[in-house]
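Residue 502 in the working numbering sits at position 276 of the sequence shown, with consecutive numbering throughout.
C-beta atoms are modelled at their ideal positions from N, C-alpha and C, and glycine is treated no differently.
Working notes, beginning with the structure itself.
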Amino acid sequence: MNYFEVYNQDSFAFLKSLDDESVDLIVTSPPYFIGKEYDKSNKIGDFLDIHHDMLPEILRVVKGGGSICWQVGNYIQNGSIIPLDSLIFAAFRCDDLILRNRIVWTFGHGTHANKRFSGRHETIMWYTKGSNYHFDLDAVRVPQKYPGKRHYKGPKKGQWSGNPLGKNPSDVWDIPNVKAGHIEKTDHPCQFPVALVQRLVKALTKKDDLVIDPFCGSGSSGVAALLENRNFLGSDLSENYCEIARTRIQASQNGTVRVRPLDRLVYIPSAKEAVAIRPPHFFGKIEEEGEVND
Ligand SMILES: C[S@@+](CC[C@H](N)C(=O)[O-])C[C@H]1O[C@@H](n2cnc3c(N)ncnc32)[C@H](O)[C@@H]1O
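What follows is the structure, given as structure tokens:
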């Protein structure tokens, strides 16, 4: 049986407690320092500083060939967007790390902006420690749009051209974010969906590997790890979130956890559904948007 542990500890102390080259995958979403209840400050410099400080420990604990995935969004300063992945790119620039993908995670719901286009994506920076790394593409292939396509010329003319296992999921992932009403929602204010981590765990690690998350919040990374028969260690400064995480990860082990499956398609309402029908006063007008969640 796989093991897990969630420590009520600072991320730096947690990383310090781990053995050299013991981790196969670090996957996390750090605090963005944007004034959330758990942010120590709202200074962008602090975001950069913790990442500069953490890098040597990250490099120490991750195995050669292991992966590092950092999921971030934007910081807004005086109305100007600072993409946090640009700061991660700067902080993690070193000879030992190779940036393999900047994955765009897109989602349908969130605050409607009225002075810019509404934000509907965040990113995941995927690095490997060195060049001899594990990447199991077959574990994460998705169905082709045109599976019935055939080669139209050359020696294979007339034969099916697609891989029967499916196609590469690409670096743009459309996975619903965890808002009220999502099956995975807990009291944590900004969970990422389990499916987002599940795809990384499946592709970047093997059965019984060790996955860690130093800012584990409600434990979504741990849920993904245990569901995929990997081991997990995590830390969070809030004992309340640690307790939520332990309960969810234990439920993954027991087979009772509630998650949105990775392969479930994004829901598109049928034209006949009441919520999809335009009310009479919409006709001839442009819908006005307010600062509300949809
Ligand atoms: C963006 S949230 C992570 C949410 C998580 N991915 C999930 O799905 O629930 C960041 C988390 O980092 C925690 N945190 C903030 N500063 C920390 C620190 N110095 N050490 C450990 N955890 C910290 C916060 O309590 C918060 O739960």
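Rounded to whole angstroms, what's the CA-CA distance from residue i to residue j? Just pull it up for me.
i: N394; j: P257; result: 30 Å
i: V298; j: I270; result: 13 Å
i: D279; j: R486; result: 35 Å
i: E263; j: T354; result: 32 Å
i: A317; j: I276; result: 9 Å
i: S396; j: I329; result: 8 Å
i: A502; j: H335; result: 15 Å
i: W296; j: V423; result: 11 Å
Taking all protein chains shown into account, do 16 or more other C-beta atoms lie within 10 angstroms of the C-beta of residue i, making it buried, or fewer, making it exposed?
i: L491; result: exposed
i: W386; result: exposed
i: R474; result: buried
Mapping the DSSP letters down to three states, classify residue i as helix, strand or coil.
i: Y353; result: strand
i: Y467; result: helix
i: T431; result: coil
i: H347; result: strand
i: T473; result: helix
i: L452; result: helix
i: E410; result: coil
i: E231; result: strand
Using CA coordinates, which residue listed in the options is at the minimum distance from residue i?
i: N403; options: Q417, P390, S396; result: Q417
i: A365; options: V427, I409, E465; result: V427
i: D272; options: L310, G290, V287; result: L310
i: V287; options: N340, L453, D322; result: D322
i: I324; options: G336, G290, F333; result: G290
i: L251; options: S478, R472, G448, Y467; result: G448
i: Y229; options: C295, I494, H360, A477; result: A477
Can you determine whether any heavy atom of ligand 1 sits closer than 7 Å to the C-beta of residue i, and answer yes or no?
i: F418; result: yes
i: D236; result: yes
i: L244; result: no
i: C295; result: no
i: Y229; result: no
i: Y377; result: It is worth fixing the name first, because residue 377 is His in this sequence and not Tyr. False, no ligand heavy atom lies under 7 Å from that Cβ.
i: F509; result: no
i: P390; result: no
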